[in-house]
Amino acid sequence: MELEKALSQDESKGGVLAHLEKLETQVNRSRKKLEEPQGAQAVESSLGTKIRDKLRSEVKQRQARVAVRDTSVEPDQTLEISEQKAWERKRENVKAILQAYRFTGLSGKLTSRGVCVCIHTAFEGTLLDSYFVDLVIQKPLRIHHHSIPAFIPLEEISAKYLQTNIQHFLFSLCEYLNAYAGRKYQADQLQRDFAAFLAGPLQRNSLCNVLSFTYKVELRGQAFTFCARLLYKDLTVTLPTDVTVTHQGMDTLPTSWEEQRASHENLFCTKALHKVFASFTQREKLDMSLVH
Amino acid sequence: MDSELAEVRALEAEIAVLRPACEEPPAPGGDAASVRKSFPEIYQSDSEGWESSKDLRSNLGHLESELLFLSTLTGISIRNYSKKTETLTSPEMAEKSIKKVLQRHRLSGTCHMISFQLEFQILEVQNKENLSSVITDLNIIMEPTTTYSELSEFVSRAEERRDLFMFFRSLHFFVEWCEYRKRTFKHFKEKYPEAVRLPEGASASYMRVQSTSQPGFELVIVWRIQTDEEGKVVPKLDLLTKVPRQALELDKKGVVETAAVGFRALLSVLGIEAALESLLSVLCMEHGGQSPQ
Chain A
1 MELEKALSQD ESKGGVLAHL EKLETQVNRS RKKLEEPQGA QAVESSLGTK
51 IRDKLRSEVK QRQARVAVRD TSVEPDQTLE ISEQKAWERK RENVKAILQA
101 YRFTGLSGKL TSRGVCVCIH TAFEGTLLDS YFVDLVIQKP LRIHHHSIPA
151 FIPLEEISAK YLQTNIQHFL FSLCEYLNAY AGRKYQADQL QRDFAAFLAG
201 PLQRNSLCNV LSFTYKVELR GQAFTFCARL LYKDLTVTLP TDVTVTHQGM
251 DTLPTSWEEQ RASHENLFCT KALHKVFASF TQREKLDMSL VH
Chain B
1 MDSELAEVRA LEAEIAVLRP ACEEPPAPGG DAASVRKSFP EIYQSDSEGW
51 ESSKDLRSNL GHLESELLFL STLTGISIRN YSKKTETLTS PEMAEKSIKK
101 VLQRHRLSGT CHMISFQLEF QILEVQNKEN LSSVITDLNI IMEPTTTYSE
151 LSEFVSRAEE RRDLFMFFRS LHFFVEWCEY RKRTFKHFKE KYPEAVRLPE
201 GASASYMRVQ STSQPGFELV IVWRIQTDEE GKVVPKLDLL TKVPRQALEL
251 DKKGVVETAA VGFRALLSVL GIEAALESLL SVLCMEHGGQ SPQ
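Listed below in structure tokens is the structure:
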């Protein structure tokens, strides 16, 4: 009867494995008893059935528990997946925002000793070159490397603002670089798209803040050549501060030509260089359509 | 006997089957964390390229600190950003091997106290020789517009020129000037609390200076922050006077009339802060008041 006791006791105390071990020893014992010639058959038989029933119910319980565990693990896993996905989405979002900084004109990447700032340039919607300044973050702040053209007064700007106001330093540099890129772009466009107007090459300095060129003008069947000299005194602007248009040939111009000359001076002061020439071609077309 | 023995053997067999079934999975109700811990490994081995969530989080942390750093460095915080791309095709383009991609961007964020929302399009054209990117459309919404009416000026200019970088540059310098104006107004309010009035606060564009002994006399310093054609931000200061009629009649030399011109001259020589200081010190001394230290 101790067997029955053992069977009913173990459930709460031991684990399933311990219980099974006990059952095993019970079975072994009962087998030995069975093999003994004077075994009490009725007892043994009922004991065997009890063991079997107990085992079967144990298996059922066990299976039920495993099933429950399986289904409870599954939401855990999906939770894990959705959590992982959320983290990934968040990371992609942060990455995209970091990249979007280029649209502010300033983007950057952390380096082992500081930050490498990228300065982007554009002229009226056309995206142009980018430059970098590799900064070492220590006191005092130091420029390690950079790709700023030599003619941009980087030293002057950094002496003024680098230690005191880094934002001002960067945006000032943006101003200089964007203005330079803008002046260069205008000169390039003029050479590329309006070469037919130019009598000779366009002269420029490296900063593109002094431009001079000779161009042909036609008015009522008469042809003239004008010389233009554009000066950008302020290195942070894309429109010239001084414009002189002179004519070649005659000493005194007929009134209509003088008017033309003066209007050209005004145009160069207020509009982008290639747009001034675009307006010339439009007017030519207009003139032609009036003639025909 | 035989049947019983057989039954016992069957039970033994059942135990033999049960044993591994009980050993294999972790104990019921066991540590759920162990499942969770082992999970990323399974995850990783199951599909290549998946990283452990620990790595992912530390990577995200790194990117977030980079983002924080960039926003400190530039003074511009981008909160939201999205992009859509569309490849434009036509038989003609295929013939000339030209590729055109239209990108639609939406971006919003803040620069100090000002928030902005931008929508713009970039057309990328790739041909054999080069790649060109042009902003074809730019829309800007700024807030608060009422506080900074000066903003609308350069917003429309930037939109017209589709000059995104100019917009951010101007915005930065604009904010810088606003901060400087606010600091300066506050400084004079603290230094001359009796004379200086800031009816709309230090962030407004003007400061009233009242003579402490002659309440009828008042100066208004209007400090506007303007942007020019090229997006350059420039301060513009004006002096307005409020003088009683009787006093005006006595003013034979036209001092009041020329005050505004004189103030401009003072500004160009001394700069903003020193010009205001000299003006205020004179005004507060003249009427017997003592200039606070």
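Line by line, the protein sequences give chains A and B.
Just so you know, we're using full-length UniProt numbering here: the first sequence kicks off at 1 and counts up by one.
Just so you know, we're using full-length UniProt numbering here: the second sequence kicks off at 1 and counts up by one.
Here a beta-carbon is modelled for each residue, glycine too, at the ideal position from N, C-alpha and C.
In this text the structure is predicted, and so the values were computed from the model without any measurement.
Per-residue burial, residue 113 of chain B [other beta carbons within 10 Å of its own, 16 or more giving buried]
The residue given as residue 113 of chain B occupies position 113 in the second sequence. When all chains shown are included, residue 113 of chain B counts as exposed.
Residue 283 of chain A: buried (16+ other C-beta within 10 angstroms of its C-beta) or exposed?
Here residue 283 of chain A refers to the residue found at position 283 of the first sequence. Exposed: under 16 other Cβ atoms inside 10 Å.
Would residue 182 of chain A and residue 238 of chain A be called neighbours here (beta carbons separated by less than 9 Å)?
As a first step, residue 182 of chain A is located in the first sequence; it is residue number 182 there, counting from the start. As a first step, residue 238 of chain A is located in the first sequence; it is residue number 238 there, counting from the start. Cβ atoms of residue 182 of chain A and residue 238 of chain A: closer than 9 Å.
For residue 137 of chain A, count neighbouring Cβ atoms within 10 angstroms of its own Cβ and tell me buried if that reaches 16, exposed if not.
As a first step, residue 137 of chain A must be located in the first sequence, where it is residue number 137. With fewer than 16 other Cβ atoms within 10 Å, it is exposed.
Classify residue 130 of chain B: buried if its beta carbon has 16 or more other beta carbons within 10 angstroms, exposed otherwise.
Within the second sequence, residue 130 of chain B is the residue found at index 130, counting from 1. Counting Cβ neighbours within 10 Å, residue 130 of chain B comes out exposed, since fewer than 16 surround it.
Work out the CA separation of residue 211 of chain A and residue 205 of chain A for me, nearest whole Å.
Along the first sequence, read from residue 1 onward, the residue named residue 205 of chain A stands at position 205. Along the first sequence, read from residue 1 onward, the residue named residue 211 of chain A stands at position 211. For residue 205 of chain A and residue 211 of chain A, the gap between their C-alpha atoms comes out near 7 Å.
Against chain A, which members of the stretch 262 to 275 of chain B pass a CB distance test of less than 9 Å?
Along the stretch 262 to 275 of chain B, none of the residues has a CB nearer than 9 Å to a CB of chain A.
Return no unless some Cβ of chain A is closer than 9 Å to the Cβ of residue 180 of chain B.
Locating residue 180 of chain B in the second sequence gives position 180, counting from the first residue. Cβ-Cβ to chain A under 9 Å: no for residue 180 of chain B.
Over what stretch of residues does the beta strand (DSSP E) that includes residue 238 of chain B continue unbroken?
The count along the second sequence starts at 1 and reaches residue 238 of chain B at position 238. That run of the beta strand (DSSP E) goes 233 to 242.
Assigned secondary structure, residue 282 of chain A (DSSP; H/G/I helix, E/B strand, else coil):
By one-based count along the first sequence, residue 282 of chain A stands at place 282. Three-state result, residue 282 of chain A: helix.
Considering only DSSP beta bridges, list what residue 115 of chain B is partnered with.
One-based indexing of the second sequence puts residue 115 of chain B at position 115. DSSP lists B:110 and B:143 as partners of residue 115 of chain B.
Using a Cβ-Cβ cut-off of 9 Å, state whether residue 252 of chain B counts as contacting chain A.
In the second sequence, the residue the question calls residue 252 of chain B occupies position 252. Against chain A, the CB of residue 252 of chain B has no partner CB under 9 Å away; the residue lies outside that interface.
Straight-line Cα distance separating residue 78 of chain A from residue 56 of chain A
Translated into the one-based positions of the first sequence, residue 56 of chain A becomes position 56. Translated into the one-based positions of the first sequence, residue 78 of chain A becomes position 78. Near 33 Å, if we compare the C-alpha coordinates of residue 78 of chain A and residue 56 of chain A.
Could you tell me how far apart the beta carbons of residue 165 of chain B and residue 140 of chain B are, in whole angstroms, since I believe they sit closer than 8 Å?
Position 165 of the second sequence, counted from the start, is the residue given in the question as residue 165 of chain B. Position 140 of the second sequence, counted from the start, is the residue given in the question as residue 140 of chain B. Taking C-beta atoms under 8 Å as the contact rule, residue 165 of chain B and residue 140 of chain B fail to qualify, at a distance of about 13 Å.
Simplified DSSP state of residue 251 of chain B, which is helix, strand or coil
One-based indexing of the second sequence puts residue 251 of chain B at position 251. Looking at residue 251 of chain B - three-state DSSP - the assignment turns out to be coil, as it is neither helix nor strand.
Unbroken alpha helix (DSSP H) run spanning residue 55 of chain B, endpoints
If you number the second sequence from 1, residue 55 of chain B lands on position 55. Where residue 55 of chain B is concerned, the enclosing alpha helix (DSSP H) starts and stops at 53 to 74.
Can you have a look at residue 230 of chain A and say buried or exposed, based on whether 16 or more other CB atoms are within 10 angstroms of its CB?
To locate residue 230 of chain A, count along the first sequence from 1; it is residue 230. In the assembly as shown, residue 230 of chain A is a buried residue. Its beta-carbon has 16 or more other beta-carbons within 10 Å.
Per DSSP, what are the beta-bridge partners of residue 282 of chain B in this structure?
For this step, residue 282 of chain B is matched to residue 282 along the second sequence. Paired residues: none, contrary to the question.
Does the beta carbon of residue 81 of chain B come closer than 9 Å to any beta carbon on chain A?
Mapped onto the second sequence, residue 81 of chain B falls at position 81. It does; some Cβ of chain A falls within 9 Å.
Just to confirm the assignment, what range does the alpha helix (DSSP H) spanning residue 174 of chain A have?
To locate residue 174 of chain A, count along the first sequence from 1; it is residue 174. For residue 174 of chain A, the enclosing alpha helix (DSSP H) covers residues 166 to 193.
Residue 260 of chain A lies in the alpha helix (DSSP H); which residues open and close that run?
Your numbering for residue 260 of chain A matches position 260 in the first sequence. Residue 260 of chain A -> alpha helix (DSSP H) spans 255 to 270.
Please name the residue, chosen from B:57, B:90 and B:93, that lies closest to residue 84 of chain A on a Cα-to-Cα basis.
Taking the first residue of the first sequence as 1, we reach residue 84 of chain A at position 84. It is B:57 whose Cα lies nearest to the Cα of residue 84 of chain A.
Counting only the same chain and skipping the five closest in sequence on each side, list residues whose C-beta sits under 6 Å from that of residue 276 of chain B.
As a position in the second sequence, residue 276 of chain B is number 276, starting the count at 1. Excluding sequence neighbours, residue 276 of chain B sits near nothing in its chain.
State the Cα-Cα distance for the pair residue 104 of chain B and residue 83 of chain B, rounded to the nearest angstrom.
Working through the second sequence from its first residue, we reach residue 104 of chain B at position 104. Working through the second sequence from its first residue, we reach residue 83 of chain B at position 83. Counting only the Cα atoms, residue 83 of chain B lies some 6 Å from residue 104 of chain B.
Of all the CB atoms in chain A, is at least one closer than 9 Å to the CB of residue 166 of chain B?
Stepping through the second sequence from its first residue, residue 166 of chain B is reached at position 166. With 9 Å as the cut-off, residue 166 of chain B counts as an interface residue toward chain A.
Report the option in B:119, B:161, B:118 and B:155 whose CA atom is closest to the CA atom of residue 126 of chain A.
Sequence index remark: in the first sequence, residue 126 of chain A carries index 126 (1-based). Each of B:119, B:161, B:118 and B:155 was checked against the Cα of residue 126 of chain A, and the nearest Cα belongs to B:161.
Rounded to the nearest angstrom, how far is the Cβ of residue 121 of chain B from that of residue 102 of chain B, given a contact under 8 Å?
Indexing the second sequence from 1 puts residue 121 of chain B at position 121. Indexing the second sequence from 1 puts residue 102 of chain B at position 102. In this structure residue 121 of chain B is in contact with residue 102 of chain B, their Cβ atoms being roughly 6 Å apart against a cut-off of 8 Å.
Report buried or exposed for residue 156 of chain B, applying the criterion of at least 16 other Cβ atoms within 10 angstroms of its Cβ.
Along the second sequence, read from residue 1 onward, the residue named residue 156 of chain B stands at position 156. Counting Cβ neighbours within 10 Å, residue 156 of chain B comes out exposed, since fewer than 16 surround it.
Note down, in chain order, every chain B residue with its Cβ under 7 Å from the Cβ of residue 175 of chain A.
For the purposes of this step, residue 175 of chain A is identified with residue 175 of the first sequence, where counting begins at 1. Neighbours of residue 175 of chain A on chain B, chain order: 169.
Could you tell me which chain A residues have their CB closer than 7 Å to the CB of residue 163 of chain B, listed as they occur along the chain?
Here residue 163 of chain B is taken as the residue at index 163 of the second sequence, counted from 1. Ordered by position in chain A, the residues that pass the 7 Å Cβ test against residue 163 of chain B are 122, 124 and 125.
Kindly give me the distance between the Cβ atoms of residue 163 of chain A and residue 141 of chain A, rounded to whole angstroms, as I take these residues to be in contact under 8 Å.
Your numbering for residue 163 of chain A matches position 163 in the first sequence. Your numbering for residue 141 of chain A matches position 141 in the first sequence. About 6 Å separates the Cβ atoms of residue 163 of chain A and residue 141 of chain A, confirming a contact at the 8 Å cut-off.
Report the option in A:91, A:98 and A:81 whose CA atom is closest to the CA atom of residue 67 of chain B.
Stepping through the second sequence from its first residue, residue 67 of chain B is reached at position 67. Ranking the options by Cα distance to residue 67 of chain B, first place goes to A:98.
Figure out for me which residue from B:233, B:264 and B:65 has the closest Cα to the Cα of residue 222 of chain B.
Taking the second sequence and counting its residues from 1, one reaches residue 222 of chain B at position 222. For residue 222 of chain B, the closest alpha carbon among the candidates B:233, B:264 and B:65 is that of B:264.
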